[in-house]
Amino acid sequence: MKSGWLIVNHFLQTEKFTEHYEWLQKAAEQKEICLTVKTGADLMCEIAEGLLSGDKCPDFGLFWDKDVRLALSLENRGLRLFNSARAVALCDDKSLTCLALAGKIPMPRTIMAPMTYPAIGYGDLSFVKTAGEALGYPMVIKECFGSFGGQVYLANNLTEAQTIVDGLSGRPFLFQECITSSFGRDVRIEVVGGRVIAAMERFNTDGDFRANISAGGKMRPFTPTKKQAELATLACDVLGLDFAGVDFLFGADETPILCEVNSNAHFKNLYDCTGVNAAEAIMDHVARTVFAE
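Letter 245 of the sequence shown, counting from 1, is numbered 227 in this note's numbering, and no numbers are missing.
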C-alpha cells in the first residue's frame, strides 16, 4: 500500500493543529495513501545509524514541523519530504527568506539587525536609531522566527523602537519599512505544485496594522491579479517549495509587495473563506510527484 508519514511537532498538540492533521489524513485516504502521524520524538535518530525505532521510511514524508535538523536527518535517510528541509529553513527564518528573494520579488526595504547572544542581549541600542533614520517611522520590527503575526511589532518613533528591541532578549529580528498603503490589509495566496489554488484578502478593522486572522483580522475571497499570481509562484519556485501560503501587501496603486512566505500555512481559514480544500490539493500534488498519478 502507498504510505507516508505526516511529521509533526511532538509538543505542539492543540486542537487548531490536530484538526489540520486530520484533514490531511482524510485527503490522503481519498488517494488510497496510508498517512501515519509521526512526531519528532517518534523519529529520533542516531545521526550516523538511523532511526532509533528501527522503522523503515515510507514512500514520502509530509513535513508539518519546523525542525530543520529532523528534516535533514530524514532526507539523509533518503526520504522525500514535502516541503524539503531547505525550503522549510528558508521560510522559517524571515531574514533568510528576504536574502533568497532579494532582487527577484518586490519587498519592503529591510535591514537585518546585528547579531547578539541571548545571555548578552542588545545593550547598545544606537543601531536602532540608524535603522529608524534609514527607514523612517512608523517602522516595522519583525522577529526572524514567528507565526500568526505574534512576533511583529510597529514602532511609531525611536523610543518605541528601542523599547521593543530591548524586550526581544537577544532574539534575531529585522527592521522593515512600513507599507502604510497596506495598513491592516494583505492577501494570502495558496500555491500548490506551482499553481495558485485559492486566495483570500485579510483585513483588520480594529486599528491593528496586522491583518492576520489570529490577530483579529477578517477575511473575504480574493481573485489575485496576474502579477500577484506570477510573483507567488516565482517565490515558491525560488525557495523550492511544493506548497506554501504566500502573503502580499498592497503597495502604491495596489502593486504587490511581499510580506512573508509560509511553508506549512494553516488552511482551515482559507477553506472557510473560499471553499477550496488545500489538503486535497497538497495530496494530489504528492500523488503526482511520488506515484506519477
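Glycine included, every Cβ here is placed at the ideal spot set by N, Cα and C.
Near the ligand ADP: residue i beta-carbon under 8 Å from a heavy atom
i    : result
L140 : You won't find the ligand ADP in this model; it holds no ligand whatsoever.
Beta-ladder partner(s) of residue i, from DSSP
i    : result
Q158 : T92, V122
N244 : G227
I239 : L231
R153 : Note: R153 sits in no beta bridge, so no partner.
E28  : G32
F127 : F127 is not bridged to any residue.
A137 : M121
F45  : I(-11)
Run of the beta strand (DSSP E) containing residue i, from where it starts to where it stops
i    : result
M201 : 200 to 203
Y253 : Looking at the DSSP string, Y253 is not in any beta strand (DSSP E); the run it does join, the alpha helix (DSSP H), is 250 to 256.
K20  : 15 to 21
L61  : Neither: L61 is in no beta strand (DSSP E) and is coded neither H nor E.
Element boundaries [alpha helix (DSSP H), containing residue i]
i     : result
R184  : Where R184 is concerned, there is no enclosing alpha helix (DSSP H), although the beta strand (DSSP E) it sits in stretches over 177 to 185.
C80   : 76 to 83
G114  : 108 to 117
I146  : 140 to 148
C39   : From DSSP, C39 is part of no alpha helix (DSSP H); its letter is neither H nor E.
A101  : Careful: A101 lies outside any alpha helix (DSSP H) and carries neither H nor E.
L54   : 50 to 58
A(-1) : Before going further, note that residue -1 is Phe rather than Ala in the sequence given. Run containing F(-1): -3 to 12, per the alpha helix (DSSP H) assignment.
Supposed contact pair residue j and residue i - C-beta distance, whole angstroms, cut 8 Å
i    : j      : result
P277 : S151   : What is shown of the chain runs -17 to 275, which leaves residue 277 out entirely.
I239 : P40    : So it is not a contact: roughly 40 Å between Cβ atoms.
E14  : K(-16) : 6 Å
L25  : L33    : 6 Å
L231 : C241   : 5 Å
I264 : L6     : 7 Å
Under the three-state DSSP convention, the category residue i falls into
i      : result
S(-15) : strand
L216   : helix
F232   : strand
V173   : strand
A274   : coil
D168   : strand
L72    : helix
I87    : coil
L(-6)  : coil
D190   : coil
* Contact between the region 197 to 208 and the region 172 to 189 (3+ Cβ pairs under 8 Å) -> yes
**Item:** Meets three-Cβ-pair contact criterion under 8 Å: the region 21 to 28 and the region -11 to 9
**Value:** yes
With contact counted as at least three CB pairs below 8 Å, one residue from each stretch, are the region 212 to 228 and the region 46 to 59 in contact?
-> Look at the beta carbons and you see the region 212 to 228 not touching the region 46 to 59: under three pairs across the two are nearer than 8 Å.
Stretch-stretch touch, CB-based, cutoff 8 Å, three pairs: the region 144 to 161 with the region 70 to 87
yes
### the region 171 to 178 in contact with the region 250 to 270 per 3-pair CB rule at 8 Å
yes
At least 3 beta-carbon pairs within less than 8 Å: the region 241 to 255 vs the region 101 to 117:
no
- Within the chosen definition, does the region 115 to 133 reach the region 158 to 169 through at least 3 CB pairs nearer than 8 Å? yes
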